[in-house]
Structure formats: structure tokens, C-alpha cells
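Heads up: the sequence shown at position 111 corresponds to 111 in UniProt numbering, and the numbers run straight through without jumps.
For every residue, glycine included, the Cβ atom is placed at its ideal position computed from N, Cα and C.
One structure is given here, and the rest of the page talks about it.
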Amino acid sequence: MPFVLPFPDIDPRLFSIDLFGVEFAIRWYALAYIAGLVLGWRYVAALCRRPALWGGAAPMPPERTDDLLTWMVLSVILGGRIGYVLFYQPGYFLAHPGQILAVWQGGMSFHGGLIGVATGIIAFCLRNGFPILGVGDAVSAATPIGLFFGRIANFINGELWGKPSTAPWAVMFPGAGATCPPDWTAVCARHPSQLYEAALEGIVLFLVLFLAIRRGALARPGRIFGLFLIGYSLSRMFVELFRQADPQFVTPGNPIGHVIALGGGWGLTMGQLLSLPMLALGLFLWARARRAAP
1 MPFVLPFPDI
11 DPRLFSIDLF
21 GVEFAIRWYA
31 LAYIAGLVLG
41 WRYVAALCRR
51 PALWGGAAPM
61 PPERTDDLLT
71 WMVLSVILGG
81 RIGYVLFYQP
91 GYFLAHPGQI
101 LAVWQGGMSF
111 HGGLIGVATG
121 IIAFCLRNGF
131 PILGVGDAVS
141 AATPIGLFFG
151 RIANFINGEL
161 WGKPSTAPWA
171 VMFPGAGATC
181 PPDWTAVCAR
191 HPSQLYEAAL
201 EGIVLFLVLF
211 LAIRRGALAR
221 PGRIFGLFLI
231 GYSLSRMFVE
241 LFRQADPQFV
251 TPGNPIGHVI
261 ALGGGWGLTM
271 GQLLSLPMLA
281 LGLFLWARAR
291 RAAP
């Protein structure tokens, strides 16, 4: 039998409290959201305290990042949920509209969350007279922190696992992840695609943006935002090659779950399709920032 890794025995609940017969559980997933938002907020505030990074003036006073955090919390939750409803299961939620608000049952879309955050940034800046691209750069620099914690929480929850694999680092996930296709003869282990994303979209992308900031990228508005979009979209499109297809898109004739077939067994998953506009916008912002005077 090939060497595989057992799934770590980690309870998705950090702890639970029983109050008057009702159990309230604090889950790792919720803690990941909190950690990502709080640490990201502190990082944005730290960047805004260093006007030299911005070529003389930060896009907003550090103390206003408290207000920005409130906008980001609402934007990422609303955008992430609405994006999941529209992009991944519109038919189901059209038939069960009451389930749209049941966010505790899972179902968030990063691409929807990004649209929500972008909308929140625009509204926040217009309301307060701050430069949109400058604030967008600050938030983009901090976003990989949240992505890292979020993907680690996905792994702890045993969700969003990858395709079956015989790689020595493949993981035997519990539940539905332990069931492989009938033609799979090896032990049912899978790519830990959540950890791939945590590494690429979290650690690597954060370091790339950090080094770009060290080289003066914040002095050109939109450059960090564009670089983030490029880095995330390329990372996501790559990891989708190893990630298990979304079940709602899988059919007997489409086992890979492509939403656009390109022929020869190749195509685009929903995650890859949604990443293409991000890549295009990122390249545009990067090119625009390079042409702008520092």
C-alpha cells in the first residue's frame, strides 16, 4: 500500500458552551475569519503609519482603519454568501430562498467576497474622501493573511479536498472525502488542496506583496491591488487542477466538473472561470500603475 497521511483528528469545534440546554459552539472556521480580519486590520494600520511607503502620504489616517474594518466585515460576509448563491447553486437557492441566510451551514465564495470587499472599499472611500486605489492597495496587501487562515480552517473542517492521489503527501480525509470513484483501485487518499492554497494564496502571495512594498510599489496607486489580483488568480487556477470538482457541476459525461468545455478533456472549472476577469483586471491595474508617475 502506498504511503499516505491520515487526516489529523482535530474537532472542527474549538470549544462549546451549554447555556440553558442550548449548545453554542466556537468553530475553527469562525476563528479563522476573526484572525484574518483582525491581523489584516492591524497590518493595514501599520502600513498607513508609514507615509514614506506611499511616496509621502498614506491614503487614510491609521485611526480610520477601525471604521474600514467594520465595512470589510460586512462586505466580505455579504459578498461571499451572495457570490456562492449566484455562482455555485442558484437553482437550489431559488427553490429554497430561506436557506440563503443560513451561512452557518457553509457556502461562501472568495470571488463573491472579493466583489463585496471591492464594493465596500469604493463606498467607504466615496463616503470619506479617500483615494480608492490607495485603500485598495492597503487591503490587498493584507488579504493573503485571511486567505491563509481560511484555507487552514477548510483543512481542519475536512472540506474542499482535492482529487484522489497516490502522492506520498496525500491525505485520507473522513466522510465523503473517503469515497473515491469506482475505477480508483489505490487507497482513497486525496490532494490536500486546501494546504496548497494556504501556501500559494497565503504565504507566497503575502511575501510577494511584502517584497513589492519594500521596493516602493505603494507609491504607484493600484500596483499592489493589481499584483494581488494577478497572484491570486494564477494560484487559484493552478490549484483547481488538483481540487475536487464541485459536485453540482459533475455529470457522467463531465466528471471533472468543467463549466466550459474546451475539448480533449480540457476545460475551465467555475473557480478558473471566475479568476479570468480577476487576472485581466490585475494586468490592467499593473500596467496602469507602471505608466503613472511615482
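CA nearest to the CA of residue i, picked from the options
{"i": "I132", "options": "D246, T269, M60 and F228", "result": "M60"}
{"i": "R236", "options": "L205, I224, A170 and R223", "result": "L205"}
{"i": "D9", "options": "G222, V171, Q194 and G265", "result": "V171"}
{"i": "L14", "options": "R243, L114, I256 and N157", "result": "N157"}
{"i": "L241", "options": "A123, G231, Q272 and N254", "result": "Q272"}
{"i": "P12", "options": "S140, V85 and G150", "result": "G150"}
{"i": "P181", "options": "Q194, K163 and Y29", "result": "K163"}
{"i": "I115", "options": "P97, A102, L31 and L78", "result": "L78"}
{"i": "L195", "options": "A212, G253 and V239", "result": "V239"}
{"i": "Y88", "options": "M108, N154 and H96", "result": "M108"}
{"i": "T119", "options": "L218, W71 and F93", "result": "W71"}
{"i": "I121", "options": "A261, H111, V76 and T269", "result": "V76"}
{"i": "T143", "options": "D67, I34 and W184", "result": "I34"}
{"i": "F210", "options": "M270, V139 and A245", "result": "V139"}
{"i": "G83", "options": "V103, L94, H111 and P62", "result": "H111"}
{"i": "Y29", "options": "G55, V103 and P221", "result": "V103"}
{"i": "M270", "options": "F249, L262, G263 and G264", "result": "F249"}
{"i": "D67", "options": "G55, A123, G56 and Q99", "result": "A123"}
Contact set for residue i: own chain, Cβ-Cβ below 6 angstroms, skip 5 residues either direction
{"i": "F148", "result": "A198 and G202"}
{"i": "L86", "result": "none"}
{"i": "A58", "result": "C48 and P51"}
{"i": "S233", "result": "S275, M278 and L279"}
{"i": "L229", "result": "M278, L281 and G282"}
{"i": "I17", "result": "F24"}
{"i": "Y43", "result": "A142"}
{"i": "A32", "result": "F149, G150 and A153"}
{"i": "F130", "result": "P59 and M60"}
{"i": "S193", "result": "G162, V239, F242 and R243"}
{"i": "A245", "result": "I256 and G257"}
Buried or exposed (CB count within 10 angstroms, at least 16 for buried), residue i
{"i": "A45", "result": "buried"}
{"i": "G91", "result": "exposed"}
{"i": "W266", "result": "exposed"}
{"i": "G282", "result": "buried"}
{"i": "V135", "result": "buried"}
{"i": "R215", "result": "exposed"}
{"i": "L126", "result": "exposed"}
{"i": "D137", "result": "buried"}
{"i": "N154", "result": "buried"}
{"i": "N254", "result": "exposed"}
{"i": "T166", "result": "exposed"}
{"i": "R291", "result": "exposed"}
{"i": "I145", "result": "buried"}
{"i": "F284", "result": "exposed"}
{"i": "P97", "result": "exposed"}
{"i": "P252", "result": "exposed"}
{"i": "G113", "result": "buried"}
{"i": "I213", "result": "buried"}
{"i": "G94", "result": "It should be noted that the sequence gives Leu, not Gly, for residue 94. Classification of L94: exposed, given that the 10 Å Cβ count is below 16."}
{"i": "L5", "result": "exposed"}
{"i": "G226", "result": "buried"}
{"i": "L200", "result": "buried"}
Close-in-space but distant-in-sequence residues of the same chain around residue i (CB under 7 angstroms, 5 per side omitted)
{"i": "W41", "result": "T65 and L69"}
{"i": "M1", "result": "For M1, the predicted structure reports a pLDDT of 47, less than 50, and the residue's modelled location is therefore unreliable. The matter cannot be settled from this model."}
{"i": "residue 297", "result": "No statement about residue 297 is possible, as the shown extent of the chain runs from 1 to 294 and does not include it."}
{"i": "A287", "result": "none"}
{"i": "R27", "result": "P12, R13 and L14"}
{"i": "P62", "result": "A45, C48 and R49"}
Residues of its chain near residue i, where Cβ-Cβ distance is below 8 angstroms and the 5 sequence neighbours each way are ignored
{"i": "P247", "result": "G257"}
{"i": "P174", "result": "F7 and G158"}
{"i": "G80", "result": "M108, S109, F110, G112, G113 and G116"}
CB-CB length for residue i against residue j, believed under 8 angstroms
{"i": "R190", "j": "W169", "result": "Between W169 and R190 the Cβ distance is about 11 angstroms, and since that is not below 8 angstroms, they are no contact."}
{"i": "R223", "j": "A289", "result": "4 angstroms"}
{"i": "V73", "j": "L37", "result": "6 angstroms"}
{"i": "L19", "j": "L218", "result": "With a Cβ gap of about 47 angstroms, L19 and L218 do not count as contacting."}
{"i": "G231", "j": "V208", "result": "6 angstroms"}
The ligand GTP heavy atom lying under 8 angstroms from the CB of residue i
{"i": "N157", "result": "In the structure shown, the ligand GTP is absent, as is every other ligand, since no ligand is present at all."}
ask   = Fully enclosed by the segment 265-292, which alpha helix (DSSP H) runs are 4 residues long or longer?
value = 270-291
Those runs of the alpha helix (DSSP H) which lie wholly inside the segment 177-234 and span at least 4 residues = 193-197 and 205-214
request  = Could you name each continuous beta strand (DSSP E) segment of 3 residues or more that falls completely within the segment 115-145, going from the start of the chain to the end?
outcome  = none
query = Quick one: complete alpha helix (DSSP H) runs, 4+ long, within the segment 19-67?
reply = 28-48
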